[in-house]
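Asks: The structure that follows is given in the form of structure tokens.
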Ligand SMILES: Nc1ncnc2c1ncn2[C@@H]1O[C@H](COP(=O)(O)OP(=O)(O)OP(=O)(O)O)[C@@H](O)[C@H]1O
Ligand SMILES: [Mg+2]
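Protein chains in written order, with my numbering: chain A, 2 to 347; chain B, 126 to 598.
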């Protein structure tokens, strides 16, 4: 199923997840080495989605543990089902009375009940939470520990234990250990740096914003109705927007949202007016929107209008051909001798 | 390879990327799961195991390029020995540096204000030098380099961008100033000399960098070109140079086959679950199968007997075939090799005593056992084999014959070969001539054909690789 990097890439593609070789390589290795993966990267680049599609592609049940501040062991692992215990006590009231009949003191009664403890603290009354479910899952599962950076350090330490041997002990009941280790994906937005200990246990995957070509393919898959030319222009704007210094850089989800919005508006092509009106779909902060407004002219470069590039940089062209000075490119000084032409001498 | 990875890990650590031992081991394990000929995958796999902080990724990528491009090695080569050389002259560079610092700063605070380059040169800080050279390369637009004639131009320009001459001057000034502070003439002279040598080493490294960059720019193209032409090129008419290049290509092909083999072997080894052993082993764990045991399937590796014509007309085919087979020794239970022109001699031992390339050259010379300056006589050779070495063949043996079957009108004695075939698992003949020529002139290939299970034309590397592939996979 996941027997090579190419198949990983293809299988994920079939689930509508477009990824480069780097992502496929790490997923493949996680699968082969049975190691958890810590996925990091900016918001909305598809970290959570990756875990979901891997689950789908491998046919593993997806078990998701959403982390947040204050998440504790009980909520992640298991809880006693008090109401059920209570219900049972009610139903078994008579039996209790029988058991307690003849107890002379309160203490003796309590001791007799205590002797029956095990009835109430057995797996009958355990509500398994994601971690326990992943460990006891009859078929190999995919455990997604989402936004692990939101959890508290104490919880991280606990998580570390679980991840190292996939075994948990419930004091009153016994030890559960995974028959087959689940595949584990942890995602993080870098709200807090994870400890080295946790990182050592995991393979690391950094997902960056997609390349222009990948983003186009994602649009193709996610918003199939959108016109090719429009998609190209739109992705172009997104890619250039990401180069601005924004408070929140728009991500893949924003690209998708924007494409859907433009589709709904029946937009035929991207121009300044349209971008200005719909910018609030992609940018959430007033400051960011203002910044984008001031850069509008530069953001929109439609394919058709783009100044024709010289077909191939001629070997003898020591100075850039046109005046289109791209920032960052080092213009070659006029004094510099032109590098000899290919093939003129031999 | 292992050593190189360890070295790379150290480089990462030195540059502030924390890599634990466990993580380095993970990297090895990861690489084990992959074929290493895709550089990007190689890079990403190692990165996922060793680099856990997003901030370190850029550093890692840079170091990866540096290190695995081989430029770092070269840089080290150029600057290594500088220390020793100075030590030989009675100068301890470290101590000298400390002394410089103290003296200068005590007299004119902050006056030891060296440029980055001068400082990197003086302290032989290779990582820093590498970074500076790289930056200079970028500024000089090195990515546009296209042919050999531009190397000088770009090297010079890079030296300018780095202000290499300025850095050398700084060092010379330093010497002068120290002289004024009471350093002995000899020592000041030594520092001046050092400046020159550092500059020279830098110049060489920069040049090397430009050359590599050119290689990088042309890599794809050259590689493809070389493979295409060489793999299709007939084994007859090879120049010395081509033989050398082809040897590399063969080595690479063999390595690829080896990778496939080892992956396959690992899969094979897994075999079926051994229920009994698994249960027994896991009794202590209440029968929960923690350690799973597999029945090991035995892979039945062929025995190989090679009969190699080493007369000059086919020497090249023999050469590469032998290289292939011996590069893949592990794939066979046993290899015995024989060479012949007219008489036949065993060279198995030669391959035990020497490394592959030496052994091959020796075998082509007749391995001290046969005379190679006679005319080919296949009949006599096969007869010799039948008479003296038939016991080398059993029903697990594949016999590989390599020759053009040009028998100089001698008696082919095909019956000898038939007897060999009958005892062997199979008999494969590789003939560098095309089937159209078989049986014409003094070729007796047609007479031998009935004794062959497979007879193939093998005139170039592509055909040879195909045969070897089939032999081992
Ligand atoms: N490579 C991809 N191919 C297809 N769709 C993608 C890809 N990456 C992201 N998406 C889409 O982008 C959206 C956002 O992805 P996701 O929620 O996984 O991001 P995230 O990285 O988990 O973000 P956050 O950090 O905010 O949790 C999803 O709707 C998903 O479908
Ligand atoms: Mg998410």
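No residue lacks a Cβ here, since even glycine has one placed at the ideal position from N, Cα and C.
Note that the structure is a prediction, hence the values are computed from the model and not measured.
Collect the residues with a C-beta less than 7 Å away from any heavy atom of ligand 2 and give them in sequence order along the chain.
Replies: Counting every residue whose Cβ lies closer than 7 Å to a heavy atom of ligand 2, we get A:48, A:49, A:147, A:148, A:188.
Asks: Any residues in the segment 27 to 44 of chain A with a beta carbon nearer than 9 Å to a beta carbon of chain B? Which ones, in chain order?
Replies: Per Cβ criterion, the list reads 27, 29, 30, 31, 33, 34, 36, 38, 39, 41, 42.
Asks: By the three-class DSSP mapping on this structure, what secondary structure does residue 432 of chain B have?
Replies: Three-state result, residue 432 of chain B: strand.
Asks: Does any CB atom of chain B fall closer than 8 Å to the CB of residue 18 of chain A?
Replies: Not closer than 8 Å to any Cβ of chain B, the Cβ of residue 18 of chain A fails to qualify, so no.
Asks: Based on Cα-Cα distance, which residue from A:46, A:214, A:151, A:13 lies nearest to residue 192 of chain A?
Replies: Ranking A:46, A:214, A:151, A:13 by Cα distance to residue 192 of chain A puts A:151 first.
Asks: Which two residues bound the contiguous beta strand (DSSP E) that contains residue 508 of chain B?
Replies: Unbroken run through residue 508 of chain B is the alpha helix (DSSP H), 503 to 513; no beta strand (DSSP E).
Asks: Pair every Cβ in the segment 197 to 215 of chain A with every Cβ in the segment 66 to 80 of chain A, then say whether three or more of these pairs are closer than 8 Å.
Replies: No, because fewer than three Cβ pairs between the segment 197 to 215 of chain A and the segment 66 to 80 of chain A fall closer than 8 Å, the two stretches do not touch.
Asks: What's the gap between the Cα of residue 73 of chain A and the Cα of residue 81 of chain A?
Replies: About 14 Å.
Asks: Which residues, in order along the segment 166 to 187 of chain B, keep a beta-carbon less than 8 Å from a beta-carbon of chain A?
Replies: Correct list: 166, 169, 170, 172, 173, 174, 176, 177, 178, 179, 182.
Asks: Whose Cβ in chain A lies nearer than 9 Å to the Cβ of residue 158 of chain B?
Replies: The answer, in chain order, is 29, 30, 33, 34.
Asks: Whole-angstrom Cβ separation of residue 538 of chain B and residue 508 of chain B, contact assumed at under 8 Å?
Replies: With 8 Å as the limit, residue 538 of chain B and residue 508 of chain B qualify as a contact, their Cβ atoms being about 5 Å apart.
Asks: In the segment 156 to 177 of chain A, which residues sit with their C-beta less than 8 Å from some C-beta in chain B, listed in chain order?
Replies: Result list empty, no residue passes.
Asks: Compute every distance between the C-beta of residue 226 of chain A and the non-hydrogen atoms of ligand 1, then say whether any falls below 7 Å.
Replies: False, no ligand heavy atom lies under 7 Å from that Cβ.
Asks: Applying the criterion that 16 or more other CB atoms from any shown protein chain within 10 Å of the CB defines a buried residue, is residue 540 of chain B buried or exposed?
Replies: So residue 540 of chain B ends up on the exposed side.
Asks: Should residue 37 of chain A be labelled buried (16 or more other beta-carbon atoms within 10 Å of its own) or exposed?
Replies: Classification for residue 37 of chain A: buried.
Asks: Should residue 190 of chain A be counted as a contact of ligand 1 given a C-beta to heavy atom distance under 7 Å?
Replies: Residue 190 of chain A Cβ: within cutoff of ligand 1.
Asks: How about residue 593 of chain B and residue 553 of chain B: are their beta carbons less than 8 Å apart?
Replies: Going by C-beta atoms, residue 593 of chain B is not nearer than 8 Å to residue 553 of chain B.
Asks: Could you check whether the Cβ of residue 44 of chain A sits closer than 7 Å to any heavy atom belonging to ligand 3?
Replies: Looking for ligand 3 in the displayed structure turns up nothing; the ligands present are ligand 1 and ligand 2.
Asks: I want to verify the contact list: residues of chain C whose CB lies under 7 Å from the CB of residue 23 of chain A, in sequence order.
Replies: Here the protein chains are A and B, and chain C is not one of them.
Asks: Please report the residue range of the alpha helix (DSSP H) in which residue 32 of chain A lies.
Replies: Its alpha helix (DSSP H) spans residues 22 to 34.
Asks: Measure the C-alpha to C-alpha separation of residue 240 of chain B and residue 141 of chain A and round it to an integer number of angstroms.
Replies: Straight-line Cα distance between these residues: approximately 59 Å.
Asks: Identify the contact partners of residue 154 of chain B in chain A, using a Cβ-Cβ distance below 7 Å as the criterion.
Replies: Those are 34, listed as they occur along chain A.
Asks: What residues from the segment 199 to 221 of chain A come within 8 Å of chain B, judged by C-beta to C-beta, listed N to C?
Replies: If the cut-off is 8 Å between Cβ atoms, the segment 199 to 221 of chain A has 200, 201, 203, 204, 205, 206, 207 near chain B.
Asks: Assuming contact is defined by CB atoms lying nearer than 8 Å, are residue 147 of chain A and residue 49 of chain A in contact in what I supplied?
Replies: Yes, the Cβ-Cβ distance between residue 147 of chain A and residue 49 of chain A is below 8 Å.
Asks: Ignore the nearest five residues each way along the sequence and tell me which others in residue 256 of chain B's own chain have a CB closer than 6 Å to its CB.
Replies: So the list is empty, once near-sequence residues are dropped.
Asks: Can you find a CB in chain A that lies within less than 8 Å of the CB of residue 280 of chain B?
Replies: For residue 280 of chain B, the answer is no, since every Cβ of chain A falls outside 8 Å of its Cβ.
Asks: With distance defined between alpha-carbon atoms, name the residue in A:143, A:75, A:244 nearest to residue 170 of chain A.
Replies: Cα-wise, what sits closest to residue 170 of chain A is A:75.
Asks: Under 8 Å, Cβ to Cβ, is there at least one residue of chain A near residue 147 of chain B?
Replies: Closer than 8 Å: yes.
Asks: Kindly indicate if chain A contains any beta-carbon less than 8 Å away from that of residue 143 of chain B.
Replies: Closer than 8 Å: yes.
Asks: Measuring from the CB of residue 254 of chain A, is there a heavy atom of ligand 1 at a distance below 7 Å?
Replies: Residue 254 of chain A Cβ: within cutoff of ligand 1.
Asks: Quick check: the Cα distance between residue 259 of chain B and residue 370 of chain B, rounded to an integer number of angstroms?
Replies: Those two C-alpha atoms are separated by around 30 Å.
Asks: Going by beta-carbon coordinates alone, are residue 297 of chain B and residue 328 of chain B separated by less than 8 Å?
Replies: Cβ atoms of residue 297 of chain B and residue 328 of chain B: not closer than 8 Å.
Asks: Can you pull out the residues from the segment 71 to 85 of chain A whose beta carbon lies closer than 8 Å to at least one beta carbon of chain B?
Replies: Of all residues in the segment 71 to 85 of chain A, none has a Cβ within less than 8 Å of some Cβ in chain B.
Asks: So what does DSSP say about residue 130 of chain A, is it helix, strand or coil?
Replies: The answer is coil: DSSP assigns residue 130 of chain A none of H, G, I, E or B.
Asks: Closer than 9 Å, Cβ to any Cβ of chain B: which residues of the segment 178 to 191 of chain A, in chain order?
Replies: Cβ contacts with chain B come from 178, 180, 191.
Asks: Could you check the C-alpha separation between residue 190 of chain B and residue 196 of chain B for me, to the nearest Å?
Replies: Their Cα atoms are separated by approximately 9 Å.
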